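Engineer:
And the structure:
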């Protein structure tokens, strides 16, 4: 496309003659001008029609939703941020760019030190414009409307519709950004500013032309996965909010049909979205909610089937919820507060008892389970109860998932004493940094590496549509004293993974608190190979290190005892590879050092038992764990510093749970 081409590409002739339903109620003046080919008159009549017929009272029955990816300076209020935006200093993914007051914004710029492409993409979601609109509704400050008009005009001129090209390509017109603009930000902006003086006739016509171009792109070039949900939400909202378009009905029907199908295609029977990320599961439900609320406000309906399936997806949050009321950041996930999320969900499911239990402490909605297995998505959640004082653990026996995966099968998390003590690398910015590579790798999780090599399911991975109906490789039993889970990893390690080494992990969660001892995790790992390997067990402990001893490492809040191998604690190491870090946010640079216990042993076949026990007074501290390294053996003895012991066999626990 030529350098001098500006948007929108739609000519007046095509827009008025081919894109609008001139028979739509109230469009008589527009039609009369079009029939005379008086397109100046048609523009004026169409702008007047828009101002006359848009219904902000309906639209603003939907509560304001802050943009998902809005960034501000520390301690910056919305008012301060809007003043900054008016000076054309914009922030994307936490990185500011000062274009200069009165100077044009370059919508294809990238000021990041390493060309982090998310900066440009997220800038083009127009979160800043929505913030301007929200502040304008409170203050009616004309400068905010003027800035919104300036930003829209500069964007629509520079960001030229790319036509029929893949949804993932271009800086400004990826289909995920198109969906977010149409389904989250642009409607709020339009209904706020459409009747202000800075939003001239020309701006309104360019706006509607650009929305038509968005509809064409979303209809033709949509993608799959969570992108598709965002794309179809955007397309559906075009169909609802711009009924004058000749294809509005067709686009709405396409979007609703696709969204209905995707609930069966993307949601496991236990409620997890097939990317197995707590972040993107929420993104998916959010986009359904946005559509449902707009549809309800404007007299459109969605099917009961869609609502029923969506309710099941919402309840996943409760199944995964930690004692602090948050879900863990599984895969490219997000440590997210469930009550805050459900305050929004309550608007579309006002009678859902589980949601009311979370948001209103409505006791009849309290779950009838504590621990629970998710047989299809492959997670085992073990907990002692539902209070903030309870303990919680999660065992990951999940399939690889459709996208946003980490190489972490058989990993564990453990929450006790008010803290996620056994944690992992977390989720980090989608850049090419060492930290990003680290959080994706096995070495950032609580499982086993082989010969300094990570799991590599991605190498030979291909999602099949029927996988959504396949149960995971997970065995489990849940009881009043013990919870038990078991699974295997057998897909190989390293750059060219070959099956041959099998990791079997059994997890036992003791909930009894017998003799004042806290709930603890007993982990039994069996490695099997015909060759000798160097196995490395990793445990990421978010607590201050106290002592490293043979067979035991003590932290301020938890003890780790192990039956074999030599151990060290690694923290903040960058050479020869990164180890001992934790992401504390998804912006670049947001990570900190974290102690990682590394236990190594050379063997072909080996059994190692690890006990992870929170400290709760001297009587509760683990002294050592004794267990044979022979894989066929199953006896375990845990010795405590107060002289007491617990002896048992694995099979006895499994049989008696």
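Residue numbers (the numbering used here): 4 to 660.
Quick reminder that beta carbons are idealized off the backbone N, C-alpha and C, glycines included.
Values in this document were obtained by computation on a predicted structure and should not be read as measured data.
Among 377, 350 and 346, which one has its Cα closest to the Cα of residue 362?
Structural biologist: With distances taken between Cα atoms, residue 362 lies closest to 346.
Engineer: Of all the beta strand (DSSP E) runs that stay within the bounds of the stretch 203–228, which reach a length of 3 or more residues?
Structural biologist: Fully enclosed beta strand (DSSP E) runs of 3 or longer: not present.
Engineer: Do residue 443 and residue 416 have their C-beta atoms closer together than 7 Å?
Structural biologist: Against a cut-off of 7 Å, the Cβ pair of residue 416 and residue 443 comes out as no contact.
Engineer: Grouping DSSP H, G and I as helix and E and B as strand, with all else coil, what is residue 638?
Structural biologist: Reduced to three states, the DSSP call for residue 638 is strand.
Engineer: Report the option in 321, 354, 333 and 335 whose CA atom is closest to the CA atom of residue 343.
Structural biologist: Among 321, 354, 333 and 335, the Cα nearest to that of residue 343 belongs to 321.
Engineer: Drop a sphere of 10 angstroms on the beta-carbon of residue 539, count the other beta-carbons inside from all chains shown, and report buried for 16 or more, exposed for fewer.
Structural biologist: Buried, by the Cβ-count rule.
Engineer: With residue 322 as the anchor, note down where its alpha helix (DSSP H) starts and where it stops.
Structural biologist: Here the alpha helix (DSSP H) through residue 322 covers 307–323.
Engineer: Which of the three DSSP states, helix, strand or coil, is assigned to residue 501?
Structural biologist: If DSSP states are grouped into helix, strand and coil, residue 501 belongs with coil.
Engineer: How many Å lie between residue 15 and residue 212 at the Cα?
Structural biologist: Residue 15 and residue 212: Cα-Cα distance of roughly 9 Å.
Engineer: Is it right to say residue 555 is buried, meaning 16 or more other beta carbons lie within 10 angstroms of its own, or is it exposed?
Structural biologist: Buried, by the Cβ-count rule.
Engineer: Taking the DSSP output, what are the residues bridged to residue 478?
Structural biologist: In DSSP, residue 478 forms a bridge with 489.
Engineer: Determine the contact status of residue 427 and residue 448, defining contact as a CB-CB distance below 7 Å.
Structural biologist: Contact: yes.
Engineer: Looking at C-alpha atoms only, which residue of 139, 108, 145 and 181 is the closest neighbour of residue 161?
Structural biologist: Per the Cα distances, 108.
Engineer: In terms of residue numbering, what span does the alpha helix (DSSP H) encompassing residue 346 cover?
Structural biologist: Residues 341–348.
Engineer: Would you list, in sequence order, the uninterrupted alpha helix (DSSP H) runs of no fewer than 4 residues that lie entirely inside the stretch 240–297?
Structural biologist: DSSP runs (the alpha helix (DSSP H)) wholly in the stretch 240–297: 251–269.
Engineer: Taking the alpha helix (DSSP H) that residue 633 falls in, what are its first and last residues?
Structural biologist: Where residue 633 is concerned, there is no enclosing alpha helix (DSSP H), given that its DSSP letter is neither H nor E.
Engineer: Just to check my reading of the structure: residue 3 and residue 308 have Cβ atoms closer than 8 Å, yes? What is that Cβ distance to the nearest angstrom?
Structural biologist: The question about residue 3 has no answer, for the chain in this structure spans 4 to 660.
Engineer: If the criterion is Cβ atoms closer than 7 Å, does the pair residue 237 and residue 170 meet it?
Structural biologist: Not closer than 7 Å, so no.
Engineer: Roughly how many angstroms lie between the CA atoms of residue 457 and residue 63, to the nearest whole one?
Structural biologist: Looking at the two C-alpha atoms, the distance is approximately 50 Å.
Engineer: Quick check: what's the CA-CA separation for residue 355 versus residue 484?
Structural biologist: Approximately 31 Å, taken between the alpha carbons.
Engineer: Are the CB atoms of residue 121 and residue 433 nearer to each other than 7 Å?
Structural biologist: Taking 7 Å as the Cβ cut-off, residue 121 and residue 433 qualify as a contacting pair.
Engineer: Tell me, please, which residues DSSP counts as bridged to residue 523.
Structural biologist: DSSP output for residue 523 lists 513 as bridge partner(s).
Engineer: Taking all protein chains shown into account, decide if residue 653 is buried (16 or more other Cβ within 10 angstroms of its Cβ) or exposed.
Structural biologist: It counts as buried.
Engineer: Compute the Euclidean distance between the alpha carbons of residue 530 and residue 221, then round it to the nearest angstrom.
Structural biologist: Looking at the two C-alpha atoms, the distance is approximately 49 Å.
Engineer: Report yes if the C-beta distance between residue 600 and residue 625 is below 7 Å; otherwise report no.
Structural biologist: No, Cβ-Cβ distance for residue 600 and residue 625 is not below 7 Å.
Engineer: Just to confirm, is the Cβ distance from residue 135 to residue 95 under 7 Å?
Structural biologist: Cβ atoms of residue 135 and residue 95: not closer than 7 Å.
Engineer: Taking the alpha-carbon positions, what's the residue 240 to residue 297 distance?
Structural biologist: Rounded to whole angstroms, residue 240 to residue 297 spans 7 Å at the Cα level.
Engineer: State the Cα-Cα distance for the pair residue 465 and residue 405, rounded to the nearest angstrom.
Structural biologist: Their Cα atoms are separated by approximately 8 Å.
Engineer: Hey, quick one: how far does the alpha helix (DSSP H) through residue 438 stretch, first residue to last?
Structural biologist: It spans 437–443 - the alpha helix (DSSP H) in which residue 438 sits, taken as one unbroken run.
Engineer: Specify the secondary structure class of residue 38 as computed by DSSP and reduced to three states.
Structural biologist: Residue 38: helix per DSSP, three-state reduction.
Engineer: What first and last residue would you give for the beta strand (DSSP E) that runs through residue 616?
Structural biologist: Looking at the DSSP string, the run of the beta strand (DSSP E) that includes residue 616 is 609–617.
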